[in-house]
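Chains as they are written, first to last, in this note's numbering: chain A, 1 to 398; chain B, 1001 to 1297. Here a beta-carbon is modelled for each residue, glycine too, at the ideal position from N, C-alpha and C. All remarks here apply to the structure that follows.
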Amino acid sequence: MKHDTKDLSVGRPRFARSVGIVGAAAALALVATACSPSDSGGSSSDSGLSGTVDVTSIQDLTGAVGPVGISTQNGMKLAEKQVNDSGMLGDAKLKISYQDTQTKGDQAASLMSSAVSTKATAIFGPVSSQEAVVVAPIGQSAKVPTIFTQAGSDGVVIGDYTFRVTAPQQYYQPKMAAYLKSQGIKTASFIYDSTVPTTKDITEKTLPPLLEQNGITVKGKYGFQNGTTDYSAYVSKVVGEKPDAVGVEGTNPEASPIISSLRNAGYKGLIFGGTSFGAASLKAAGEQAKGVVWATDFDPKSDFPKTKQFVADYTAMFGSPPVNYAAEGYDAVYLLAQGLKNANSTDRAKVQAGMAEAAKKGYDGALGPLKFEGNDLRQDGYLQTYDGTAVQPVENQS
Amino acid sequence: MIQVIADSLSLGSVYVLFALGLSLSWSVLNLLNLAYGAQFMLGAYFAYVVGNHVDLPLLFVLPAVMIIVAATSVVADNLVFRRLRTTAGTPVESELSMLVASIGLAAVAVTLVQHETQGESKFVPKSVFQVKTLNLGDTLHLTNMQLIMMVVTVLLTIALVVVVKWTRFGRAMRGVAVDPATCELLGVNSNRLFSTTIAISGALAGLAGVLLAIHLNYVDSTMGDPLLTKAFAIIIIGGVGSILGAAVGGYLLAFAEVLIVAYGPANYRDAIAFVVILAVLLLRPSGLFARQRWERA
């Protein structure tokens, strides 16, 4: 089985975030003057569904998280095709325009401020948390339904017009904590990317209390900045603490170098992490990554009918099996499609209400049976491990 | 403490190895080469490509990659930098236009590699070099690649200092750095000297790219960017134009960073390290080893 996972909620945070925030502020000012509450913008129609339903996707297709965005986009394209082929929207056809943020916050803000002024009925936001927190206020302020995947930090689902079809990682970390306890782990240390909101939150806020509840003491947490090129000092510090397990919470390119450094420094204990772990990100570490464990939201080997169908359809369309990002993109398009169907209109306010109704009911998706809390997905997730060449499910996970 | 020193030497080698070629082109060509990070990345990428197509060890892959990157650097010089040098009205104009051009060249290289790799991280195959750990009891862990990098860095620094200071070629380089027009009148072919220098700089970038890609266990289209910022800081601390200064600056920065991780708040490593740099520059604005402001080479 091949299952590529990369975290992110990522990006090149240093400049992008600050520039993006300035961009967002400027964009918000423009939006505020351009759109009154009663004017939902563009040429959204209240005369039923027909013709083309224009939707914009603002996604990281190049740059640091380009592969995550491309995978998400592939899932969206499959869903777009299936929605249109199935006649789910009657005579109307979804038409998603895909735009590239280049994993830059300022670019994301600029594209978003343009998109809300078009006739786009809804907008799909970028996977990077740094960009999502910039984009979300623009969508919310302009009252355009804005749907995110991945972007797991606070500040993304900020109002009734913002939705997220990826459960934040903290919702599947209890499983990880319980698993560590079951393996007899008593102590743990962390090496983490302190510039990525998701990995920072998991390491500093989410996991410590969960580990404590399971009788696991955190010996140390050592944050590095995105773009660090040598982890030797962090690894030496952690190895010197002799923890039973080491948590590696970072982005996709950071996974293998840190794991290799840990093993090269003689660390033989359990290594665990987040969705940045996966076949692609662990390939470089190879045998050194054997036995690492992580929590994720997608199990491509699941027996759930919708998941099986999605895996088959995706593989047929793209020639390779899907990863979690593709499943999330797929489910995100279906949330919009159900919203459109419920609204029977392209009016943004009605579509938002339709999507909220779909989220309240829940629906079967590629990720499994989907339940929302408000506009935000909630999932228990799955534990997976690496056998040196491929990803496998962790057996006997509670 | 032994491990802290070893980690500092290892990280310092990473920084110095990267900064040497950049320092050379800045010293001689007045070229603030922002494409240097991309040249470094190309070295790592070509090692990945060569390693995946030919079953050759590092001893063969390394020189092959150095030659390829040196050649691409010379082509870039002939097509872009030389024209800008000769057509610019003033030295300042020339430096600025080359700086902007180097940003463009970097973007082209990064985009091409990003397209080829689909943005995914790659790695140099183990058939090129097998990283092994050398343990000295419980107190010291070093890999064979870290040791190689340390030795190569010291040897290269010494070699460059000797070449620049005590050879005919080095004297010509220093002369051209100060006054290319007068050097031309004295029979120095400045264009050939520029090309040779940029080829050496490119080869050094290639060498750093290969070794660091193996050490870090990853190849990525943007892997040169973070190092570029550090390298500029290192060169400025050492004093622009001083090879030895760049080396000392690299090790100083590495020691500061490792000490912060080992004994201080790791999250603030970069911030504290750059505060130290700022303090050094406030005390010695021209850097530690610059005898005169902006005296090069």
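Close-in-space but distant-in-sequence residues of the same chain around residue i (CB under 8 Å, 5 per side omitted)
i	result
Y172/A	A295, T296, D297, Q379, D380, G381, Y382
T996/B	With chain B running from 1001 to 1297 in the structure shown, residue 996/B is simply not present.
G139/A	M112, V116, I123, G125, P145, T146, Y161, T162
S236/A	A265
A1091/B	Before going on, a small fix: residue 1091/B reads as Pro here, not Ala. The residues are N1030.
R1269/B	E1257, I1260, V1261
Host beta strand (DSSP E) of residue i (start-end)
i	result
S153/A	Per DSSP, S153/A belongs to no beta strand (DSSP E) and is neither H nor E.
R1284/B	Note, R1284/B: premise wrong, no beta strand (DSSP E); not H, not E.
E454/A	The structure shown does not extend to residue 454/A, since chain A is modelled only from 1 through 398, so no value can be given for it.
K95/A	93-100
F1081/B	F1081/B -> no beta strand (DSSP E), and no H or E assigned at all.
G105/A	Where G105/A is concerned, there is no enclosing beta strand (DSSP E), although the alpha helix (DSSP H) it sits in stretches over 105-115.
N1135/B	1133-1136
L383/A	382-386
Helix, strand or coil at residue i [DSSP, three-state]
i	result
E1120/B	coil
G223/A	strand
N1267/B	helix
V134/A	helix
N365/A	It is worth fixing the name first, because residue 365/A is Gly in this sequence and not Asn. Residue state, collapsed to three classes: strand.
E395/A	coil
P37/A	With a pLDDT of only 35 at P37/A, under 50, the local geometry of the prediction cannot be trusted, and no value is derived from it.
L1052/B	As written in the sequence, residue 1052/B is Asn, which differs from the Leu given in the question. Helix at N1052/B.
G1012/B	helix
Q59/A	strand
K290/A	coil
K341/A	helix
L1299/B	As shown, chain B starts at 1001 and ends at 1297. That puts residue 1299/B outside it, with no answer to give.
G1021/B	helix
Y161/A	coil
F1194/B	helix
Y234/A	helix
Q213/A	helix
S267/A	The displayed chain sequence assigns Tyr, not Ser, to residue 267/A. DSSP places Y267/A in coil when its eight states are reduced to three.
V31/A	For V31/A, the predicted structure reports a pLDDT of 46, less than 50, and the residue's modelled location is therefore unreliable. A value from the coordinates is still provided. Reduced to three states, the DSSP call for V31/A is helix.
Residue i: first and last residue of the uninterrupted alpha helix (DSSP H) it sits in
i	result
A280/A	279-282
S86/A	66-86
L1228/B	1225-1238
A1218/B	The amino acid occupying residue 1218/B in the given sequence is Tyr; Ala does not appear at that position. Careful: Y1218/B lies outside any alpha helix (DSSP H) and carries neither H nor E.
N264/A	252-264
Q309/A	305-318
I185/A	Here I185/A belongs to no alpha helix (DSSP H), and DSSP marks it neither H nor E.
Own chain, CB closer than 6 Å to residue i, minus 5 neighbours either side, in chain order
i	result
F1081/B	M1098
T52/A	K93, K95
Y1157/B	First, the amino acid is wrong: residue 1157/B is Thr here, not Tyr. So the list reads A1247, once near-sequence residues are dropped.
V965/B	Residue 965/B is absent from the model: chain B starts at 1001 and stops at 1297.
S38/A	Since pLDDT at S38/A reaches only 36, below the 50 mark, its modelled position is unreliable, and no value is offered.
Y1218/B	S1121, F1123
K221/A	F190, T203
Q1114/B	S1221
Cβ-based neighbour list, residue i, same chain, cut-off 7 Å, excluding 5 preceding and 5 following
i	result
T1197/B	L1024, S1025, V1028, L1029, M1173
S1190/B	V1176, P1180, C1183, E1184
I70/A	L61
L30/A	At L30/A, the pLDDT of 46 sits below 50, so the modelled position is not reliable; the number obtained from the coordinates is stated separately. Once the five neighbours on either side are set aside, the close Cβ partners of L30/A are S113.
I1103/B	L1034
M1066/B	A1203, G1206, L1207
N214/A	A177, A178, L180, K181
field: Interface positions of the region 117-133 of chain A facing chain B (Cβ-Cβ less than 9 Å), listed along the chain
entry: none
Near-chain B residues of the region 319-335 of chain A - C-beta to any C-beta below 9 Å: none
- prompt: Counting pairs of Cβ atoms below 8 Å between the region 1084-1100 of chain B and the region 1019-1038 of chain B, do you hit three or more?
  reply: Enough Cβ pairs lie closer than 8 Å, so yes.
message: Along the region 1248-1282 of chain B, where does the CB come closer than 8 Å to a CB of chain A? Name the residues.
response: Going along the region 1248-1282 of chain B in chain order, one finds E1257, V1258, V1261, A1262, A1266, N1267, R1269, D1270 with a Cβ nearer than 8 Å to chain A.
field: Positions along the region 1106-1129 of chain B whose CB lies within less than 7 Å of some CB in chain A
entry: Q1114, Q1118, G1119, E1120, S1121, F1123
- request: Closer than 9 Å, Cβ to Cβ, to anything on chain B: give me those residues from the region 148-163 of chain A, in chain order.
  value: Result list empty, no residue passes.
task: Could you run through the region 259-271 of chain A and flag, in chain order, every residue whose CB is less than 7 Å away from some CB of chain B?
output: S260, N264, A265, G266
field: Three CB pairs or more closer than 8 Å across the region 325-334 of chain A and the region 142-156 of chain A
entry: yes
- prompt: Between the region 1144-1176 of chain B and chain A, which residues of the former have CB atoms less than 7 Å from a CB of the latter, in chain order?
  reply: Under the 7 Å Cβ criterion, the region 1144-1176 of chain B contributes no residue.
message: Between the region 278-296 of chain A and the region 349-358 of chain A, can you find at least three pairs of beta-carbon atoms closer than 8 Å?
response: Counting Cβ pairs under 8 Å, fewer than three are found: no touch.
task: Note down, in chain order, all residues in the region 1010-1027 of chain B with a beta-carbon under 7 Å from any beta-carbon belonging to chain A.
output: Residues of the region 1010-1027 of chain B with a Cβ closer than 7 Å to any Cβ of chain A, in chain order: S1010, L1011, V1014.
Inter-stretch contact at 8 Å, needing at least 3 Cβ pairs: the region 278-286 of chain A / the region 245-264 of chain A: yes
message: Please identify, using Cβ separations under 9 Å, the residues of the region 65-76 of chain A that lie next to chain B, in order along the chain.
response: Those would be V65, G66, P67, V68, G69, I70, in chain order.
message: Beta carbons nearer than 8 Å to chain A: which residues of the region 1032-1063 of chain B have them?
response: none
- prompt: When Cβ atoms are compared, which residues of the region 232-249 of chain A fall closer than 7 Å to chain B?
  reply: Of all residues in the region 232-249 of chain A, only S232, A233, Y234, S236, K237 come within less than 7 Å of chain B when Cβ atoms are compared, listed by chain position.
task: With 8 Å as the limit, tell me which residues of the region 182-206 of chain A have their beta carbon closer than that to any beta carbon of chain B; keep them in chain order.
output: S194
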